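*Asks:* Attaching a single structure in structure tokens format; questions to follow.
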Ligand SMILES: [Zn+2]
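Protein chains in written order, with this note's numbering: chain A, 7 to 250; chain B, -19 to 405.
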């Protein structure tokens, strides 16, 4: 039987908004398609499994930025190998920022790992609210909660902001960054559960890499009806078109 | 006499509000008084002969406040308290108006207020509490309290207003750091600590729910220690004496709430404090509504479980009787972004009959990803409750309703249970 291993990087330190749950979403969708899937929480380099099929990293608080960055630095080689080797990576909020060139704070800078283009700069006012993004994986709907804009990666966004802030005003209506199989976004929490189009893209990438064709399981279809209703509820509140 | 006109007007408005809506504990009089006499609230709160005690923190405030009030009353004090969770400026002012003399003096020896971290920090600059007690740092209402740094910052702001003692939970790393900061600065404020022993912590494999748990436990003799918890009984160690403690409901968090209350009573009472009297009093409070309370509705026994943050959600899921077969979950508009519930492992629920509330689909989504079967999604809480109550008595466990604060309000309203007009928003 096909078996995949999904790494959840620093699930406590970078798991503020339930972001680590995205690993569970990938694993469950892989299981519903008939594969075996396990989630490995990685808190230090010693926890890294031999095999990695997908990686999820979330957002943390600013007081932990340096601590989280320092742990990630010990895995810089592996992160680079995953990026160049086509391992799908979902990075939310500060986890994404830490893999970029760096994070400008009001009075200092936290240097990032420099693995993905762009960097984070302070916003005047925190962005908190619903975020709607038109993307090639469908309309993505979720919640954003960030104190910084993301600039310097305007060539390859995840999508266009329909409602909300996204990468910020400096980035002309864009949200997120895509580089190869790396996906950075401000859509926090279980963005993959709410937006199965993006989830299935990642599951498909993960299985393609090991030569298995992905066919969404029957359970996925039932669950995705619930996700659509949840998205539509926000669409209605924002006075936007609903999905049939 | 400065506030006499405002008080008289506020009372007039109250009479009118009652006349229009009998039984309504309206916040309107408070709104009126705050508008025409913005200094009244602080003046009244700072005017109690034995001062003001503020209880704040993310979780456990309501229970702790009720326990603390019971402990102080057991020592013979007359206590003004916001017995409903009137965290709101207007609600608090209205409650004070009820008891104020026309000159603005409110009857009572001491005031004990529960304050939510946001509202507390907002009105703190005008207040001079003698004692501030802090329970823990967790993130709830993520759209208001963006992250744990922000919550810790709000609590720090409240703590810095203390003129006498700050009582902190030594097991919460954020609060332990704050205690260290207060100790090292010559503020003239004393820090009193409470906590659990390593054995008590070890008995809770998922921890106590704090965002960050301090690396070390409070050494015996440095404060009040919870040394043992077993069901509804616990033991506290204080100044070398071990005390048996009865809790209003089972669980380590109730023991910690009781410890907070006893440590705070000690800080407030000074030499008049009698540990045995305080400990006996905290065991006598009825369970706070929705915290494991069992209510009989139309002949059905229903257990109500309020979840306010991931930690309380997890704790309540873990402590449900296994194979409870009739569960309704109602998550409402108070949870604007349900993301932060996702760290909770709900898989042990197994089967949920109805997911309800305005966030019904979101909570259902989480449940199904945890392999929990969800029979029905019904956002209308009234419709869901009627269907749930119409079911025959369960063979296993009790009918159990898990709700967020908004789900709770709607449930109470629909079932005609005692309502509480001044819940936090
Ligand atoms: Zn409030």
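Ideal placement from N, C-alpha and C gives every residue a C-beta, glycine not left out. Quick caveat, the model's predicted, so the values are computed rather than measured.
#1: Determine the burial state of residue 23(A): buried for a count of at least 16 other Cβ atoms within 10 Å of its Cβ, exposed for fewer.
#2: Which one of 389(B), 380(B) and 377(B) has the shortest CA to CA distance from residue 360(B)?
#3: Does residue 313(B) get closer than 8 Å to chain A when you measure Cβ to Cβ?
#4: Considering only their Cβ atoms, is the gap separating residue 36(B) from residue 292(B) smaller than 8 Å?
#5: Kindly indicate which three-state DSSP category residue 22(A) falls into: helix, strand or coil?
#6: Can you tell me whether DSSP reads residue 65(A) as helix, strand or coil?
#7: Would you call residue 42(A) buried or exposed, if buried means 16 or more other Cβ atoms sit within 10 Å of its Cβ?
#8: Look at residue 380(B) and residue 310(B) and say whether their C-beta atoms are less than 8 Å apart.
#9: Is any beta-carbon of chain B found at less than 8 Å from that of residue 145(A)?
#10: Identify the contact partners of residue 332(B) in chain A, using a Cβ-Cβ distance below 9 Å as the criterion.
#11: Identify which residue in 120(A), 219(A) and 169(A) has its Cα closest to the Cα of residue 242(A).
#12: Closest to residue 247(A) by CA distance: which of 118(A), 145(A) and 200(A) is it?
#13: Mind checking the region 38 to 71 of chain A against chain B and listing, in chain order, the residues whose C-beta falls within less than 9 Å of any C-beta there?
#14: So the candidates are 335(B), 151(B), 384(B) and 251(B); which of them puts its Cα closest to the Cα of residue 313(B)?
#15: Please classify residue 419(B) as buried or exposed, where buried requires at least 16 neighbouring CB atoms within 10 angstroms.
#16: Just to make sure I have the definition right: I need the residues of chain A whose C-beta is within less than 8 Å of the C-beta of residue 349(B). Which are they?
#17: To the nearest angstrom, how far is the alpha carbon of residue 18(A) from that of residue 282(B)?
#18: Between the region 88 to 102 of chain B and the region 129 to 137 of chain B, are three or more C-beta pairs nearer than 8 Å?
#19: Spatial neighbours of residue 234(A) within its chain, please: C-beta separation below 6 Å, excluding the five flanking residues on both sides.
#20: To which residues of the same chain is residue 2(B) closer than 7 Å at the C-beta, ignoring the five residues directly before and after it?
#21: Which residue marks the beginning of the beta strand (DSSP E) containing residue 185(A), and which one marks its end?
#22: According to DSSP, is residue 234(B) part of a helix, a strand, or is it coil?
#23: For the 8 Å Cβ check, are there 3 or more pairs between the region 338 to 353 of chain B and the region 248 to 258 of chain B?
#24: List the whole-angstrom C-beta distance separating residue 107(A) from residue 40(A), where the pair is believed to meet the contact cut-off of C-beta under 8 Å.
#25: Tell me the rounded alpha-carbon separation between residue 358(B) and residue 337(B).
#26: How about residue 395(B): is its C-beta nearer than 8 Å to some C-beta of chain A?
#27: Taking the straight line between their C-alpha atoms, what separation do you get for residue 113(B) and residue 224(A)?
#28: Does residue 228(A) pass the burial test, meaning 16 or more other C-beta atoms within 10 Å, or should it be called exposed?
#29: Who are the neighbours of residue 128(B) on chain A, taking C-beta pairs under 7 Å?
#30: Any Cβ of chain B within less than 8 Å of the Cβ of residue 73(A)?
#31: In this structure, does DSSP put residue 244(A) in helix, strand or coil?
#32: Whose Cβ in chain A lies nearer than 8 Å to the Cβ of residue 386(B)?
#33: Is the region 88 to 108 of chain A in contact with the region 188 to 198 of chain A, if contact means three or more CB pairs nearer than 8 Å?
#34: How do the region 137 to 150 of chain B and the region 231 to 247 of chain B stand: do at least 3 beta-carbon pairs fall below 8 Å, yes or no?
#35: Do you know whose CA, among 155(A), 237(A), 20(A) and 196(A), lies nearest residue 70(A)'s CA?
#36: On a CA-only basis, which of 180(B), 118(B) and 181(B) is nearest residue 192(B)? Give me that one, please.
*Replies:* Checking against the coordinates, here is how it stands:
#1: buried
#2: 389(B)
#3: no
#4: no
#5: coil
#6: coil
#7: exposed
#8: no
#9: no
#10: The contacting residues do not exist; residue 332(B) stays about 13 Å from chain A at best.
#11: 169(A)
#12: 145(A)
#13: 65, 66, 67, 68, 69 and 70
#14: 384(B)
#15: Nothing can be reported for residue 419(B), as the shown portion of chain B is limited to -19 through 405.
#16: 27, 30, 31, 34, 196, 199 and 229
#17: 35 Å
#18: yes
#19: 249
#20: Low local confidence applies: a pLDDT of 47 at residue 2(B) is under 50, so the model's placement there is unreliable, and no value is given.
#21: 183 to 185
#22: helix
#23: no
#24: Going by Cβ atoms, the distance from residue 107(A) to residue 40(A) rounds to 40 Å, so no, they are not a contact pair.
#25: 7 Å
#26: no
#27: 52 Å
#28: exposed
#29: 67
#30: no
#31: coil
#32: Result: empty, since nearest Cβ-Cβ is about 15 Å, beyond 8 Å.
#33: yes
#34: yes
#35: 20(A)
#36: 118(B)
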